[in-house]
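Numbering (our numbering), first residue to last: 1124 to 1341.
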C-alpha cells in the first residue's frame, strides 16, 4: 500500500462489499482515483490496512492525508470535497437539511432495521421504543415516503450523494429481498441503476469479481 500524494484519492475496497457504494460515488464525482483491492482474510486484516481502518473493513478513502470510512461519510465527504460535481446542495440551501436527513436516516434506522430483520433480531413490539428505528415497518414506510415525495430524486430534480447512499440501500433491498418489493422502490432503483456512473461502477467491480474467480480456478 503505497502512500498517496497530497491530492490523490486512494480507494480501499473489495468488489463484493459495501465498497460498491463508494465506487459509484467516486464515479459520480468524476475525479481520478487509485484503487487498492483488499482480500477479506488477509490484506484487510493486515497491520498496514489496520493502520488506515482499525475495523479492518472496507471501504475507506484517503484524500489529502485524511482517512474517511463508513459509506455515508464517504459519500458526504466526496460531495463536499468536490463541489463542482454538484452532488450536494449548497450550505445556504434550505434543502441541505433534507439532504442530511435522508442520508443519515439510511445510515441509521434503515441499516439497523434491515440488518436486524434479516438476522431475526427485531425487538418485540413492547420494546420498540428502545431502538432508533422503532419498527421495521415504520422504517420501510418512512423510506418509501422519502423516495416518493418531490421528484425523481430525494431533493426533487437534483441528484445528490444522498441518492447514491439511500439508493444503494433501496436497490440492494430490492435485489436481495431485504426490503419489501414496492413500486416506489422499484422505480427509484431503476432510475438510479441507469445512471452512467452507476453503470461504470458496476462494470468495474464486476470485472474485478471475474478476475478473482479466474485466479481461484485450478
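Built from N, CA and C at the ideal position, the CB exists for glycine as well.
These numbers come from a predicted model, not from an experiment.
Looking only at its own chain, which residues have a Cβ that is under 6 angstroms from the Cβ of residue i, when we skip the five neighbours before and after it?
| i | result |
| --- | --- |
| residue 1212 | 1218, 1219, 1222 |
| residue 1176 | 1183, 1192 |
| residue 1144 | 1194, 1291 |
| residue 1312 | 1293, 1294, 1297 |
Specify the secondary structure class of residue i as computed by DSSP and reduced to three states.
| i | result |
| --- | --- |
| residue 1201 | helix |
| residue 1159 | strand |
| residue 1238 | helix |
| residue 1126 | Residue placement at residue 1126 cannot be trusted, given a pLDDT of 48 that sits under 50; the coordinates are not used to answer. |
| residue 1253 | helix |
| residue 1224 | helix |
Among all the DSSP beta bridges, which residues are the ones paired with residue i?
| i | result |
| --- | --- |
| residue 1293 | Its beta-bridge partners do not exist; DSSP assigns none. |
| residue 1133 | 1157, 1185 |
| residue 1276 | 1279 |
| residue 1166 | According to DSSP, which records beta bridges pairwise, residue 1166 is partnered with nothing at all. |
| residue 1190 | 1185 |
Give every residue of the same chain whose Cβ lies closer than 8 angstroms to the Cβ of residue i, excluding the five residues on either side of it in the sequence, and list them in chain order.
| i | result |
| --- | --- |
| residue 1301 | 1237, 1240, 1241, 1295 |
| residue 1318 | 1151, 1282 |
| residue 1126 | Below a pLDDT of 50, predicted positions are generally treated as unreliable, and residue 1126, at 48, falls in that range; the measurement from the model is reported next regardless. Answer for residue 1126: no residue qualifies. |
| residue 1225 | 1269, 1277, 1285, 1289 |
Based on Cα-Cα distance, which residue from the options lies nearest to residue i?
| i | options | result |
| --- | --- | --- |
| residue 1137 | 1255, 1149, 1270, 1180 | 1180 |
| residue 1321 | 1337, 1167, 1153, 1334 | 1153 |
| residue 1382 | 1142, 1266, 1149, 1208 | Since the first and last residues shown for the chain are 1124 and 1341, residue 1382 lies out of range. |
| residue 1132 | 1262, 1190, 1338 | 1190 |
| residue 1148 | 1305, 1335, 1199, 1307 | 1199 |
| residue 1205 | 1156, 1140, 1258 | 1156 |
Assuming the contact rule is C-beta atoms closer than 8 angstroms, residue i and residue j should be a hit. Round their C-beta distance to whole Å, please.
| i | j | result |
| --- | --- | --- |
| residue 1227 | residue 1195 | 6 angstroms |
| residue 1229 | residue 1270 | About 11 angstroms; that fails the 8 angstroms criterion. |
| residue 1146 | residue 1327 | 6 angstroms |
By Cβ distance below 7 angstroms, which residues in the same chain neighbour residue i in space, the five residues on each side in sequence not counted?
| i | result |
| --- | --- |
| residue 1316 | 1294 |
| residue 1256 | 1232, 1235, 1236, 1262 |
| residue 1287 | 1144, 1147, 1148, 1151, 1198 |
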